[in-house]
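**Q**
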Amino acid sequence: MSGFWAGRRRVRAGVVGVVVGCALGLGGCASAGTDAKAAVSAAAAPVVPMVIGKGQAEDVYNRWVAERKSSLDRRDGAGLASVETGPLLAESLAAIEVAKARGVGARNSAFGRAEFFVPAERDQQGYPRSFVALSRVAGTEGNAVREGALHYFTQEAPGGDWKAAAVSWVNDRPPLVRAKNETSWGTTYFELRKKEIAAVNRDAAGAAVLSPAAGADREVCGRYAEYMSFTAPEGEPESEHFLPGPLTGGMVGAYNVADEDLKLVTKRYAFEPTGGELPVLRLADGKSLVTCTFVRTDRWAGKKAAFRYGNGEHGDAAALLGGTDKWWVDSTVRLSVTATFEVPAEGPADVVGCNCLKPTVLSALGTPK
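Below, the structure written as structure tokens:
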């Protein structure tokens with residue numbers, strides 16, 4: 001089946017990242033004078049208890065990076081539950097099973113040093129508690145790349161382990177014109193909005209500022225699930241809840257796929273929000289940064305004949321179903337999707353990053369011919 005191929009080529013146009021000329025994360029470039037002022041301000045900043053100390057947050061992050069890399073490299077998820085939870089753990093374990101079925105290495109990204117966005121205790125008085133880390137691909141931290149990985153860590157109870165709950169990607173630096181043959185660092189699996197997000201707000205003590213309307217902001221998760229759930233080609237690209245663009249209407253177009261596919265197979269896509277609530281960061285432009293995790297369920301059914309999965313973009317599902325030579329009357333494939341949104345106080349939201357075209361396959365079942 002050709003699947004999303006035609007739609008993917010349309011969506012990917014205009015969302016490739018480019019390099020920038022400063023090496024600061026989510027904060028833009030600063031002069032020496034600005035640095036000096038910042039140092040004075042830091043010295044005079046009030047002491048505010050954070051949900052986790054910077055050093056401890058760094059230890060949590062580094063331990064997760066090391067264990068994740070080791071587990072995925074070995075294709076052995078026995079140790080992952082000590083550092084991951086929720087949808088991210090399910091995704092990692094599934095990636096290992098897919099890798100084994102295909103006889104390849106598990107999909108992974110090598111993460112480098114991180115910048116930390118830690119809320120004050122007064123803003124997270126109960127549990128679970130959380131913080132966010134922003135990193136680049138390992139080895140590119142000094143190259144001022146645009147693409148940044150957002151890592152969400154949570155602690156479920158006092159004294160409990162901090163674990164990674166989700167990973168998403170955004171462009172957080174402005175673009176620079178560069179040579180056509182220059183490498184774009186970042187992620188193979190996420191589509192990113194070309195326009196960068198604004199910096200994350202911090203208070204006078206350096207604590208990350210959370211949205212005071214986090215509950216309302218997170219409603220974007222349910223709206224997006226409804227928007228992206230349809231039987232192709234009946235998906236509606238336009239929505240009052242989302243700005244038009246390659247990661248909204250363009251993504252619906254990709255799911256609607258080509259007519260020749262739909263003459264043979266009925267394709268139904270259903271998104272369902274999953275996982276715990278993640279912290280909602282307030283950006284400098286007043287918007288909120290919301291990351292949502294979903295389980296996408298694809299239900300395909302042959303109309304007049306059986307179908308099979310190819311070894312290309314649907315190769316992971318084919319591997320879990322037993323190979324590309326298998327023919328199916330119908331199939332149900334579950335996938336892990338993560339999307340990050342820019343949510344204004346009023347008006348439509350925008351998708352700034354999503355792995356909607358290349359999600360991790362969680363499971364695959366089918367009725368054989």
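When we follow the numbering used here, the leftmost residue of the sequence shown carries the number 1, and every step to the right adds one.
All residues carry an ideal CB built from backbone N, CA and C; glycine is no exception.
Looking only at its own chain, which residues have a Cβ that is under 8 Å from the Cβ of Leu283, when we skip the five neighbours before and after it?
**A** The residue given as residue 283 occupies position 283 in the sequence shown. Counting only Cβ-Cβ distances below 8 Å, and skipping sequence neighbours, we find Ile197, Ala198, Ala199, Val200, Asn201, Leu289 and Glu342.
**Q** Sort out for me which residues DSSP pairs Phe271 with in a bridge.
**A** Here residue 271 corresponds to residue number 271 of the sequence shown, with the count starting at 1. Arg296, per the DSSP bridge assignment.
**Q** Taking a contact to mean a Cβ-Cβ separation below 9 Å, would you say Phe242 touches Thr274 in this structure?
**A** Position 242 of the sequence shown, counted from the start, is the residue given in the question as residue 242. Position 274 of the sequence shown, counted from the start, is the residue given in the question as residue 274. Against a cut-off of 9 Å, the Cβ pair of Thr274 and Phe242 comes out as no contact.
**Q** If distances are taken between C-alpha atoms only, which option among Gly148, Gly79 and Arg146 comes closest to Arg63?
**A** As a working note, residue 63 is residue 63 in the sequence shown. Each of Gly148, Gly79 and Arg146 was checked against the Cα of Arg63, and the nearest Cα belongs to Gly79.
**Q** Expressed to the nearest angstrom, what Euclidean distance is found between the alpha-carbon atoms of Lys358 and Gly159?
**A** Start at 1 with the first residue of the sequence shown, and residue 358 comes out as number 358. Start at 1 with the first residue of the sequence shown, and residue 159 comes out as number 159. Whole-angstrom Cα-Cα distance: 36 Å.
**Q** Comparing alpha-carbon positions, which option in Leu89, Thr367 and Ser109 lies nearest Trp169?
**A** For the purposes of this step, residue 169 is taken as the residue at position 169 of the sequence shown. Looking at the Cα atoms, Ser109 is the closest of the given residues.
**Q** Nearest by alpha-carbon distance to Gly253: which of Lys195, Thr231 and Leu192 is it?
**A** In the sequence shown, counting from the first residue as 1, residue 253 sits at position 253. Taking only the C-alpha atoms, the option nearest Gly253 is Thr231.
**Q** Alpha carbon to alpha carbon, how far is Glu346 from Pro87? Give it in angstroms, no decimals.
**A** Counting from 1 along the sequence shown, the entry for residue 87 is found at position 87. Counting from 1 along the sequence shown, the entry for residue 346 is found at position 346. Near 29 Å, if we compare the C-alpha coordinates of Glu346 and Pro87.
**Q** Taking Cβ to Cβ, would you say Ala317 is nearer than 9 Å to Ala364?
**A** Working through the sequence shown from its first residue, we reach residue 317 at position 317. Working through the sequence shown from its first residue, we reach residue 364 at position 364. Yes, the pair counts as a contact, with Cβ atoms nearer than the cut-off.
**Q** Is the beta carbon of Asp350 sitting closer than 9 Å to the one on Thr248?
**A** Sequence index remark: in the sequence shown, residue 350 carries index 350 (1-based). Sequence index remark: in the sequence shown, residue 248 carries index 248 (1-based). Yes, Cβ-Cβ distance for Asp350 and Thr248 is below 9 Å.
**Q** Report back the beta-carbon spacing between Ala270 and Met50 to the nearest angstrom; my notes put them in contact at under 8 Å.
**A** Reading the sequence shown from its first residue, position 270 is the one you call residue 270. Reading the sequence shown from its first residue, position 50 is the one you call residue 50. Incorrect: roughly 39 Å between the Cβ atoms, too far for contact.
**Q** Give the straight-line distance between the Cα atoms of Gly25 and Phe307, rounded to the nearest whole angstrom.
**A** Locating residue 25 in the sequence shown gives position 25, where the first residue counts as 1. Locating residue 307 in the sequence shown gives position 307, where the first residue counts as 1. Annotation note: pLDDT 42 at Gly25 (below 50); position unreliable, no value reported.
**Q** Tell me, to the nearest whole angstrom, how far the beta carbon of Leu150 is from that of Val137; I am working on the premise that it is less than 8 Å.
**A** Locating residue 150 in the sequence shown gives position 150, where the first residue counts as 1. Locating residue 137 in the sequence shown gives position 137, where the first residue counts as 1. Not a contact, Cβ separation roughly 14 Å.
**Q** Consult DSSP for Gly245 and reduce its assignment to one of helix, strand or coil.
**A** Against the sequence shown, residue 245 aligns to sequence position 245. Reduced to three states, the DSSP call for Gly245 is coil.
**Q** Measure how close the beta-carbons of Leu335 and Thr360 come, nearest whole angstrom, since I'm counting them as under 8 Å.
**A** To locate residue 335, count along the sequence shown from 1; it is residue 335. To locate residue 360, count along the sequence shown from 1; it is residue 360. Confirmed, Cβ separation roughly 6 Å.
**Q** Determine the DSSP secondary structure at Gly148, reduced to helix, strand or coil.
**A** Within the sequence shown, the letter at position 148 stands for residue 148. Strand, per DSSP.
**Q** Taking Glu97 and Ser82 to be in contact with their CB atoms under 8 Å, please state how far apart those CB atoms are, rounded to whole angstroms.
**A** On the sequence shown, position 97 is the one that residue 97 refers to. On the sequence shown, position 82 is the one that residue 82 refers to. 19 Å between Cβ atoms; not a contact.
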